[in-house]
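Undergrad: Residue numbers (the numbering used here): 6 to 304.
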Amino acid sequence: MSTTMDCKAAQDETRGGEFIRVGDLLIRAVHVKLLRQYGLTSLDSLFGYADGEVLGKPGLADWRERIRMPLNWRGRNVVFYLKRYTRPPASEQREQRWTCAAAASTAGVEWQRMLELTDAGISCPQPVAFGEEVCGGRELRSAVLIEEVPGESLENWIKHWSPPPGDITRFLSVHLARLVGRLHSRGFVHRDLYLSHVFFDSAAPVEQSLYLIDVQRVMRPRWRHLRWIIKDLAALNHSTPAGIAGNGERLRWLRRYLCAARFEVDVRWLRRRVAAKTRRMARHDRRRAARLQPRSRTP
6 MSTTMDCKAA
16 QDETRGGEFI
26 RVGDLLIRAV
36 HVKLLRQYGL
46 TSLDSLFGYA
56 DGEVLGKPGL
66 ADWRERIRMP
76 LNWRGRNVVF
86 YLKRYTRPPA
96 SEQREQRWTC
106 AAAASTAGVE
116 WQRMLELTDA
126 GISCPQPVAF
136 GEEVCGGREL
146 RSAVLIEEVP
156 GESLENWIKH
166 WSPPPGDITR
176 FLSVHLARLV
186 GRLHSRGFVH
196 RDLYLSHVFF
206 DSAAPVEQSL
216 YLIDVQRVMR
226 PRWRHLRWII
236 KDLAALNHST
246 PAGIAGNGER
256 LRWLRRYLCA
266 ARFEVDVRWL
276 RRRVAAKTRR
286 MARHDRRRAA
296 RLQPRSRTP
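1) In chain order, what residues of the same chain have a beta carbon less than 8 Å from the beta carbon of R288, not counting five sequence neighbours either side?
2) Have a look at the DSSP bridge pairing and note the partners of C129.
3) Unbroken beta strand (DSSP E) runs of length 3 or more, entirely within the segment 40-100: which are they?
4) Does the distance from the C-beta atom of E115 to that of V220 stay below 8 Å?
5) Out of E138, W228, A209 and C129, which has the shortest C-alpha to C-alpha gap to L198?
6) Helix or strand or just coil, what does DSSP make of F176?
7) What residue range is occupied by the uninterrupted beta strand (DSSP E) comprising V27?
8) Mind listing, in chain order, the continuous beta strand (DSSP E) runs of no fewer than 3 residues lying wholly within the segment 191-269?
9) At what residues does the beta strand (DSSP E) containing E148 begin and finish?
10) Return helix, strand or coil for A112, following the three-state DSSP convention.
11) Report the rounded CA-to-CA distance for H36 versus H243, giving the unit in angstroms.
12) Would you call the segment 85-96 and the segment 116-125 touching, i.e. three or more CB-CB distances under 8 Å?
13) Is there contact here, the segment 254-264 with the segment 175-182, by at least three beta-carbon pairs under 8 Å?
14) Quick check: what's the CA-CA separation for A247 versus S214?
15) Checking the sheet assignment: what are the DSSP bridge partners for A134?
16) Report yes if the C-beta distance between S74 and Y86 is below 8 Å; otherwise report no.
17) To the nearest angstrom, how far is the alpha carbon of E269 from that of T245?
18) Please report the distance separating the alpha-carbon of D56 from that of R277.
19) Buried or exposed for M10, going by 16 or more other Cβ atoms inside 10 Å?
20) Assess, as a yes-or-no matter, whether the segment 126-140 is touched by the segment 229-240 under the definition of 3 or more beta carbon pairs within less than 8 Å.
21) Grab me the residues of F176's own chain with a C-beta within less than 7 Å of its C-beta, minus the 5 sequence neighbours each way, in chain order.
22) Whole angstroms is fine: what's the gap from F193's alpha carbon to R291's?
23) Distance, Cα to Cα, G251 vs A134?
24) On a CA-only basis, which of Y216, V279 and E153 is nearest K233? Give me that one, please.
25) Report buried or exposed for G80, applying the criterion of at least 16 other Cβ atoms within 10 angstroms of its Cβ.
26) Of the residues I249, E160 and V154, which one's Cα is nearest the Cα of A208?
27) From the DSSP output, in three-state form, read off E121 for me.
28) If you measure between the beta carbons of E23 and R33, is that distance less than 8 Å?
29) Indicate the three-state DSSP secondary structure (helix, strand or coil) for E157 in the structure shown.
30) Looking only at C-alpha atoms, which of W68, R229, G253 and L30 sits nearest to P132?
Pasting the structure below:
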């Protein structure tokens, strides 16, 4: 049975000392003392952790767990997120191997993607600790600990948005186009690129204020790249309320995006493709909401 990270793409799992192997976990060096303080230095301890806030959402599979962990680090409260996976279905493991051949587990996929995105200059959560238990190529369990990114999601931010001096929304639009353009030009697609998965830190300089989160579905498609790009762009379009951006601003955003991504695609053709995919997403969301809505009982 293997309890180590199987990462074919990485020759040095410590990345020159950035991470340290502690038992069956790989831990970011600066966090080793903290995790030792809380007794979180083994895969068993991560799965035995019972404090924190369990985060659930409709449709979340029972083999997945997400826990919000506020810990005291260097005299300040820091929030981490623990993601645990127990015996994921064979179909999920096949998809994991398809999307990230360098990883042997579900947690390993997210760990690998966070490292790759950071190396590509794309801001995302910082990986803190990772462990997996794999037997005969089948994942038994895996866990990844992630540091919270600052700020709040753009989905929440726009709910209390009002045009401030200097019109920060225009600058945000520019930097969001650059962020997504950089993601796609590096060969990545997010596959879940809604405003809820883009965080904005209002205390940071605008050019350093945006982060991508929930990157476990990120992949580098081997073919039909444009199909996945359109899906990402449609997810952003679908999750942006009509009152925030009109048709003209959305077209200007696509032009900024194409410039950042360095794609030679006709912007009006792309807009039509994104709009068609957006409509399909809206229909899918309505059907899903109807399925999840409790049926009323008649006396």
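Virtual Cβ for every residue (Gly too), placed ideally from N, Cα, C. Note that the coordinates shown come from a computational prediction; the quantities given were computed from them, not determined experimentally.
TA: The answer reads as follows:
1) Once the five neighbours on either side are set aside, R288 has no close Cβ partner at all.
2) According to DSSP, C129 bridges with nothing at all.
3) With a minimum length of 3 residues, the continuous beta strand (DSSP E) runs that stay inside the segment 40-100 are 69-78 and 81-91.
4) A contact, by the Cβ cut-off of 8 Å.
5) Among E138, W228, A209 and C129, the Cα nearest to that of L198 belongs to C129.
6) F176 falls in the helix class under three-state DSSP.
7) Looking at the DSSP string, the run of the beta strand (DSSP E) that includes V27 is F24 to V27.
8) Complete beta strand (DSSP E) runs here, min 3: 203-205 and 215-217.
9) The identity of residue 148 in the sequence shown is Ala, whereas the question assumes Glu. Unbroken beta strand (DSSP E) run through A148: R143 to E152.
10) In the three-state scheme derived from DSSP, where H, G and I count as helix and E and B as strand, A112 is classed as helix.
11) Each residue's alpha carbon lies about 38 Å from the other.
12) The segment 85-96 vs the segment 116-125: no contact.
13) A contact is defined here as three or more CB-CB pairs under 8 Å, and the segment 254-264 meets this definition with respect to the segment 175-182.
14) Whole-angstrom Cα-Cα distance: 23 Å.
15) Looking at the DSSP assignment, A134 forms a beta bridge with I32 and L150.
16) Looking at the sequence shown, residue 74 is not Ser but Met. Between M74 and Y86, the C-beta spacing is below 8 Å.
17) So the two alpha carbons sit approximately 25 Å from each other.
18) If I take the Cα positions, the gap works out to 48 Å.
19) Its pLDDT being 40, under 50, M10 is placed unreliably in this model, and the value from its coordinates should be taken loosely. Its Cβ being crowded by 16 or more others within 10 Å, M10 is buried.
20) Not touching, per the Cβ criterion.
21) Take F176, set aside five residues on each side of it, and the residues of its chain with a beta-carbon closer than 7 Å to its own are V211, in chain order.
22) Rounded to the nearest whole angstrom, the C-alpha separation of F193 and R291 is 28 Å.
23) Looking at the two C-alpha atoms, the distance is approximately 42 Å.
24) Contrary to the premise, residue 233 reads as Trp rather than Lys in this sequence. Nearest C-alpha to W233: V279.
25) G80 comes out exposed.
26) Per the Cα distances, V154.
27) It is helical.
28) One thing to note: E23 has its Cβ within 8 Å of the Cβ of R33.
29) Reduced to three states, the DSSP call for E157 is strand.
30) By alpha-carbon distance to P132, the top candidate from W68, R229, G253 and L30 is L30.
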